[in-house]
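Data block below; observations after.
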Amino acid sequence: MDQATQDYIDAHLSETLDDLKRLTAQPSVSAQRVGVRECGEMVVEELRKAGFEAELVPTADPDYPGIIA
177 MDQATQDYID AHLSETLDDL KRLTAQPSVS AQRVGVRECG EMVVEELRKA
227 GFEAELVPTA DPDYPGIIA
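Residues in the sequence shown are numbered consecutively from 177, following my numbering.
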């Protein structure tokens, strides 16, 4: 691993772990229709923070949106 990559990891590790903790704490049980949309919204937010253009897109079932990034 080059030094620039290692420096980035060192500088952002705490923030990245906090983001992962928040995402994994979000209930998202597809079979029970619980939190799927909310989890998708969180993923879109994280993608945007990382510099991606991202959006939720409707599908045939409004409880199960897609994500385009």
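C-beta: ideal position from N, C-alpha, C; glycine also. Computed from a prediction, not measured in an experiment: that's the story for all the values here.
E222 carries a helical assignment under DSSP once its states are collapsed to helix, strand and coil. Going by DSSP, E231 is part of the beta strand (DSSP E) stretching over 231-233. Assignment of G216 by DSSP, reduced to helix, strand and coil, places it in the helix class.
Sorting A245, V212, D194, A187 by C-alpha distance to the C-alpha of E229 places A245 at the top. The criterion of a C-beta distance shorter than 9 Å is not satisfied by K225 and D194.
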